[in-house]
Amino acid sequence: MTNASVGEDPKRLFRVLADEAGWHLVHRLSRSDERLDDLVAALGHPKEVLAAHLSTLGEMGLVGERQSEANPADRFYRLDLARMRETYLAAGVALHPVVGGAEALPTSLPCKPRVLFLCTGNSARSQMAEGYLRHLSQGQVEVASAGTRPSQVHPLAIEMMARAGIDLSHHRSKHLDEFLGQSFDYIITVCDYQREICPVFPVDPERIHWGFPDPVEVVGKEAQEQAFKTTAVQLRSMIRNFLILLNRKEQETV
Numbered sequence: 002m003t004n005a006s007v008g009e010d011p012k013r014l015f016r017v018l019a020d021e022a023g024w025h026l027v028h029r030l031s032r033s034d035e036r037l038d039d040l041v042a043a044l045g046h047p048k049e050v051l052a053a054h055l056s057t058l059g060e061m062g063l064v065g066e067r068q069s070e071a072n073p074a075d076r077f078y079r080l081d082l083a084r085m086r087e088t089y090l091a092a093g094v095a096l097h098p099v100v101g102g103a104e105a106l107p108t109s110l111p112c113k114p115r116v117l118f119l120c121t122g123n124s125a126r127s128q129m130a131e132g133y134l135r136h137l138s139q140g141q142v143e144v145a146s147a148g149t150r151p152s153q154v155h156p157l158a159i160e161m162m163a164r165a166g167i168d169l170s171h172h173r174s175k176h177l178d179e180f181l182g183q184s185f186d187y188i189i190t191v192c193d194y195q196r197e198i199c200p201v202f203p204v205d206p207e208r209i210h211w212g213f214p215d216p217v218e219v220v221g222k223e224a225q226e227q228a229f230k231t232t233a234v235q236l237r238s239m240i241r242n243f244l245i246l247l248n249r250k251e252q253e254t255v
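Note that the sequence shown covers residues 2 to 255 in our numbering.
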């Protein structure tokens, strides 16, 4: 980030956050991809106000927009938490370096939450997400993954995770039916299709959506390997952010 953007972007960001609608918008996007109409329904703010904030955040490179794979007429918005952190902390660093300190992963959680990742084939995205969460939480989170049309764990998913020191060789693709009726604290869909058809689970778990294109569908050996690599990097970032948020939430409820 340049010196000019360090001075300007935090001010633009704070103007968005100072508005109640902007604050609610960023808070909502910090945990899940969302459509504009869903944001309006969930937050209760005027559509034009939320659209204006999305436009500002988009110009700053803090919010990305993409077409839904399930319905091309829909567009999902995603907050770039890494860029948000960089922009936000830039203001703190300008005041004093201590204000820009990083947040480490939790070393312990008060409770052991249950998390289920869902995608279609349970062959790549949800398998890698399961592996990362179990690894980064050091077993403090009970995690599983499943799909509606399970096939087999993709060799590139196993390879990419092995590079990160995570063994998926013993994993198998599982059907969602194996988990129906079980209680989870969080249901995380990593496929746009599953977000639309996700069934009801007991105890009303919190639903989170992280939409990722399916790397299995990418054509060409090199292109597919790069797609798996990109998905793995993004998933690791999302999982880290989720754990930091989870730790704070668990601490508040104890």
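Beta carbons are placed, not taken as given, at the ideal position from N, Cα and C, and that holds for glycine. On a predicted model such as this, the values are computed, not experimentally measured, just so you know.
Handout entry: 7 Å Cβ shell around residue 132 - same chain, five flanking residues per side excluded
Key = As a position in the sequence shown, residue 132 is number 131, starting the count at 1. The residues are 162, 167 and 169.
Problem - Per-residue DSSP class, three states only, for residue 99 - result: One-based indexing of the sequence shown puts residue 99 at position 98. Caution applies to residue 99, whose pLDDT of 49 falls short of 50 and renders its modelled position unreliable; the value that the coordinates give is listed next. Per DSSP, reduced to three states, the secondary structure at residue 99 is helical.
Handout entry: Proximity of residue 30 and residue 80 at Cβ, strictly below 9 Å
Key = Walking along the sequence shown from the start, residue 30 turns up at place 29. Walking along the sequence shown from the start, residue 80 turns up at place 79. Yes; because the gap between Cβ atoms is below 9 Å, this pair is in contact.
Problem - Own chain partners of residue 122 with C-beta closer than 8 Å, once the 5 adjacent residues on each side are dropped - result: Here the question's residue 122 lines up with position 121 in the sequence shown. The answer, listed in chain order, is 148, 150, 151, 152, 174, 215 and 217.
Handout entry: Cα-Cα separation between residue 48 and residue 171, rounded to whole angstroms
Key = The residue labelled residue 48 in the question sits at position 47 within the sequence shown. The residue labelled residue 171 in the question sits at position 170 within the sequence shown. Rounded to the nearest angstrom, the two C-alpha atoms are 47 Å apart.
Handout entry: 9 Å Cβ cutoff met for residue 247 and residue 114
Key = On the sequence shown, position 246 is the one that residue 247 refers to. On the sequence shown, position 113 is the one that residue 114 refers to. In contact: residue 247 and residue 114 (Cβ atoms closer than 9 Å).
Problem - Close Cβ partners of residue 106 (< 6 Å) along its chain, the five nearest in sequence each way excluded - result: If you number the sequence shown from 1, residue 106 lands on position 105. Excluding sequence neighbours, residue 106 sits near 244.
Handout entry: Cβ contact (3+ pairs, closer than 8 Å) linking the stretch 56 to 63 and the stretch 11 to 23
Key = Yes, since at least three Cβ pairs between the stretch 56 to 63 and the stretch 11 to 23 fall closer than 8 Å, the two stretches touch.
Practice task
Would you kindly check if the distance between the Cβ of residue 229 and the Cβ of residue 157 is under 9 Å?
Solution key: For the purposes of this step, residue 157 is identified with residue 156 of the sequence shown, where counting begins at 1. For the purposes of this step, residue 229 is identified with residue 228 of the sequence shown, where counting begins at 1. The answer is yes: Cβ separation under 9 Å.
Exercise for the section: Confirm, please, whether the CB-CB distance from residue 186 to residue 210 is below 9 Å. Expected result: Here residue 210 is taken as the residue at index 209 of the sequence shown, counted from 1. Here residue 186 is taken as the residue at index 185 of the sequence shown, counted from 1. No, Cβ-Cβ distance for residue 210 and residue 186 is not below 9 Å.
Handout entry: Three-state secondary structure assigned by DSSP to residue 245
Key = Numbered from 1 along the sequence shown, position 244 holds the residue referred to as residue 245. In the structure shown, residue 245 sits in a helix (DSSP, three-state: H, G or I).
Problem - Bounding residues of the alpha helix (DSSP H) (the contiguous stretch that carries residue 159) - result: Your numbering for residue 159 matches position 158 in the sequence shown. Per DSSP, residue 159 belongs to the alpha helix (DSSP H) from 156 to 164.
Problem - Exposure of residue 32, with buried meaning 16 or more beta-carbon neighbours within 10 Å - result: Translated into positions along the sequence shown, residue 32 becomes position 31. Classification for residue 32: buried.
Exercise for the section: On the DSSP bridge assignment, give the partners of residue 77 in chain order. Expected result: Numbered from its first residue, the sequence shown carries residue 77 at position 76. According to DSSP, which records beta bridges pairwise, residue 77 is partnered with 36 and 67.
Problem - Exposed unless 16 or more other CB atoms sit within 10 angstroms - verdict on residue 74 - result: Reading the sequence shown from its first residue, position 73 is the one you call residue 74. Classification of residue 74: exposed, given that the 10 Å Cβ count is below 16.
Handout entry: DSSP three-state assignment for residue 1, whether helix, strand or coil
Key = Given that the chain is displayed from residue 2 to residue 255, the structure contains no residue 1 and the question cannot be resolved.
Handout entry: Residues that DSSP places opposite residue 148 in a beta bridge
Key = Locating residue 148 in the sequence shown gives position 147, counting from the first residue. Beta-bridge pairing links residue 148 to 120 and 176.
Exercise for the section: Apply the 10 Å Cβ neighbour rule to residue 200 and answer buried if 16 or more other Cβ atoms are within range, or exposed otherwise. Expected result: Position 199 of the sequence shown holds residue 200. A residue is called buried once 16 or more other Cβ atoms fall within 10 Å of its Cβ, and residue 200, having fewer, is exposed.
Practice task
Whole angstroms is fine: what's the gap from residue 219's alpha carbon to residue 77's?
Solution key: Residue numbering aside, residue 219 sits at position 218 when the sequence shown is read from its first letter. Residue numbering aside, residue 77 sits at position 76 when the sequence shown is read from its first letter. Their backbone Cα atoms lie some 21 Å apart in a straight line.
Exercise for the section: Can you grab the Cα-Cα spacing for the pair residue 67 / residue 232, in whole Å? Expected result: Position 66 of the sequence shown holds residue 67. Position 231 of the sequence shown holds residue 232. Residue 67 and residue 232: Cα-Cα distance of roughly 16 Å.
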